[in-house]
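Written below as structure tokens is the structure these notes are about.
Numbering (mature numbering (1 follows the signal peptide of the UniProt record, and there is no 0)), first residue to last: -22 to -1, 1 to 435.
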């Protein structure tokens, strides 16, 4: 039975949306950035046993504190008190006065600490740590030494602090841990592979650190709903296991990933809602398997070195609302099936080398839903010069592996339905006024908010 004070302590997935994100969503330079801030997500409870977490991250909404139960058995209690006092001694800067409350033996009343009943032991345990935005300062703020002494921890949110150190041992002893937010700290080195040992994790947020090197294959085999590793220094290829991820929201943006987007991405067709690859160093052509992502609403590969035509399979992404292919080296004709997608709100194909658009795409341009500035399309304004376009086409090899797959359409009956919807919507130029982007309900992307730091140190 959850105690009253626990029912009133509601979470919002980590730094993702905690404190409302005062900063606007960040998108790549060319495309129009979504103007709408993400709506407040559902607010989960901290409790045992491990529930399936919310679809998007949590914020803490504290109600007036209620009387709390005493901590659990002496062994765990002593460990937690000892490690808490050690952390307190190492914190030399505490602008939000967390440590001032860390006195006495009842850690359940410490600021940032949340307790609940451990089900299999029927005792009170430390269920949650929430240090988001605490801005702790000190020389020896070792995350791993602290968390390994919290045996019953379920949620550990500590974004925007100065935690550091190497997570050099497996976290598999933390049997209840399902949310881990270490974003905007001082972690460096290779990917903390020991995190993979916490097999119950469903929310992983490691963004805004200085991790580098490769990402382990096993990362995308974890049973995560939310995976944020953007704004680090990862600089190898994206693992071929990418398509194994059950994540709903995935951000790999603002790293230095190289190589192509793995073909396996198509295997995430039944789960992936939003994915950001923008501002990396990805090369090669878009695999047609992306077209299998028929639940995806946001797909962003802006600011890379990708090339080739857009596969016809993109016309199968019927839920797609925001598409960003800007600032790459794509060329050829823009598929009419792409422009007929019924939920198209903001498609940016600017700063490429596209050379042809059909009637459906021209309508989307007039509706201000399709941005094709700085391409090579004859008869349209704000295009690249003839000299620049000629130079590009004279040196490009214009060859992609598996070119025969670019005309594969892995869906049926979608394009005609979408085309009919488009025709009903805006007839011809002599008929009713063409509906504009202002007439649509703006999408509310979740992943773009992850491109802003959760708090400032």
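Think of the CB as a built atom: it goes at the ideal place given N, C-alpha and C, for glycine as much as any other residue.
Extent of the continuous beta strand (DSSP E) to which residue i belongs
i           : result
residue 299 : Element bounds for residue 299: n/a, residue is neither H nor E.
residue 368 : Careful: residue 368 lies outside any beta strand (DSSP E), inside the alpha helix (DSSP H) at 364 to 373.
residue 121 : Premise fails: residue 121 lies in the alpha helix (DSSP H), 121 to 125, not in any beta strand (DSSP E).
residue 252 : 252 to 254
residue 384 : First-last for residue 384: undefined, no H or E at that position.
residue 189 : 188 to 191
residue 268 : From DSSP, residue 268 is part of no beta strand (DSSP E); its letter is neither H nor E.
residue 429 : No beta strand (DSSP E) holds residue 429; DSSP gives it neither H nor E.
residue 277 : 276 to 278
Residues that DSSP places opposite residue i in a beta bridge
i           : result
residue 446 : This structure cannot speak to residue 446, because the chain is shown only from -22 to 435.
residue 96  : 101
residue 182 : 158, 205
residue 115 : 71
residue 133 : 106, 157
residue 223 : Per DSSP, none; premise fails for residue 223.
residue 167 : 189
residue 281 : DSSP, once it has assigned bridges, lists no residue as partnering residue 281.
residue 141 : Answer by DSSP bridge pairing: none, since residue 141 is not bridged.
residue 91  : 107
residue 228 : 205, 253
residue 62  : DSSP output for residue 62 lists no bridge partner at all.
residue 215 : 236
Short Cβ contact (8 Å threshold) for residue i with residue j
i           : j           : result
residue 316 : residue 336 : no
residue 140 : residue 164 : yes
residue 283 : residue 259 : yes
residue 177 : residue 425 : no
residue 423 : residue 319 : no
residue 264 : residue 280 : no
residue 457 : residue 74  : The requested residue 457 does not occur in the structure, where the chain is confined to residues -22 to 435.
residue 350 : residue 328 : yes
residue 330 : residue 353 : yes
residue 358 : residue 208 : no
residue 197 : residue 174 : yes
residue 116 : residue 70  : yes
residue 179 : residue 154 : no
residue 85  : residue 104 : yes
residue 251 : residue 226 : yes
residue 135 : residue 107 : yes
residue 210 : residue 245 : no
residue 158 : residue 181 : yes
residue 268 : residue 240 : no
residue 233 : residue 212 : yes
residue 79  : residue 88  : yes
Residue range of the alpha helix (DSSP H) that includes residue i
i           : result
residue 197 : That residue, residue 197, is in no alpha helix (DSSP H); it is neither H nor E in DSSP.
residue 107 : Segment 101 to 108 is the beta strand (DSSP E) holding residue 107; no alpha helix (DSSP H) there.
- prompt: Given 8 Å as the limit, is there contact between the stretch 122 to 134 and the stretch 52 to 71, that is, 3 or more CB pairs closer than that?
  reply: Counting Cβ pairs under 8 Å, three or more are found: they touch.
query: Does the stretch 272 to 279 come close enough to the stretch 354 to 371 to have 3 or more Cβ pairs within less than 8 Å?
result: Touching, no.
Whole alpha helix (DSSP H) elements within the stretch 287 to 353, 4-residue minimum: Segments of the alpha helix (DSSP H) lying fully in the stretch 287 to 353: 314 to 317, 337 to 344.
- prompt: Taking one C-beta from the stretch 378 to 387 and one from the stretch 345 to 362 each time, how about it: are there three or more such pairs within less than 8 Å?
  reply: Judged by Cβ distances under 8 Å, the stretch 378 to 387 makes no contact with the stretch 345 to 362, as fewer than three pairs qualify.
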